[in-house]
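One structure is given below, encoded as structure tokens.
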Amino acid sequence: MNSTTEAGATLTIAVTGMSCGSCKRHVEHALGGVPGVSEARVELATGSAVITYDPATAAPEALLEAVREAGYGAEAAEPK
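Counting from 16, one number per residue, gives the positions in the sequence shown under the numbering used here.
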């Protein structure tokens, strides 16, 4: 799911392959390294990440690719 607020755009992605707290931190670190990301919250229990970013600097595909390059599966979550 992708939305835009005053703080920037927000993207929720489904992350697969995480099994522990270290995995969660690894994904957060990978997302935090993408230029334009101001916050990345990863939930191990739900297998999801919510990223707040500057859409002028970072594209949603770059966020998905950062997770994939870290060794995990990633796809945009369906809106609920």
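Just so it is clear, CB atoms sit at the ideal spot from N, CA and C, and this is done for glycine as well. It should be emphasised that the depicted structure is a prediction, and the values quoted were computed from it without experimental measurement.
Thinking just about the alpha-carbon of each residue, which of the options is nearest to the one in residue i?
i, options, result
"Gly23", "Cys38, Ala45, Leu46 and Ala73", "Ala73"
"Pro70", "Arg56, Val57, Val49 and Glu43", "Val49"
"Pro75", "Cys38, Gly51 and Met33", "Gly51"
"Gly36", "Glu54, Leu59 and His44", "Leu59"
I'd like to check one pair, residue j with residue i: are the Cβ atoms closer than 7 Å?
i, j, result
"Thr27", "Thr67", "no"
"Ala77", "Arg83", "no"
"Ala97", "Val30", "Outside the modelled stretch of the chain, which goes from 16 to 95, sits residue 97, for which no answer is possible."
State the Cα-Cα distance for the pair residue i and residue j, rounded to the nearest angstrom.
i, j, result
"Lys95", "Leu46", "With a pLDDT of only 46 at Lys95, under the threshold of 50, the placement of this residue in the model should not be trusted; the figure read from the coordinates follows. Using only the alpha carbons, I get a separation of about 23 Å."
"Lys39", "Ser53", "17 Å"
"Leu79", "Val57", "13 Å"
"Gly32", "His44", "16 Å"
"Tyr87", "Thr61", "14 Å"
Identify whether residue i lies in helix, strand or coil by the three-state DSSP scheme.
i, result
"Leu26", "strand"
"Ser34", "coil"
"Val49", "coil"
"Ala89", "strand"
So residue i packs on residue j, CB below 8 Å; how close in whole Å?
i, j, result
"His41", "Ala85", "6 Å"
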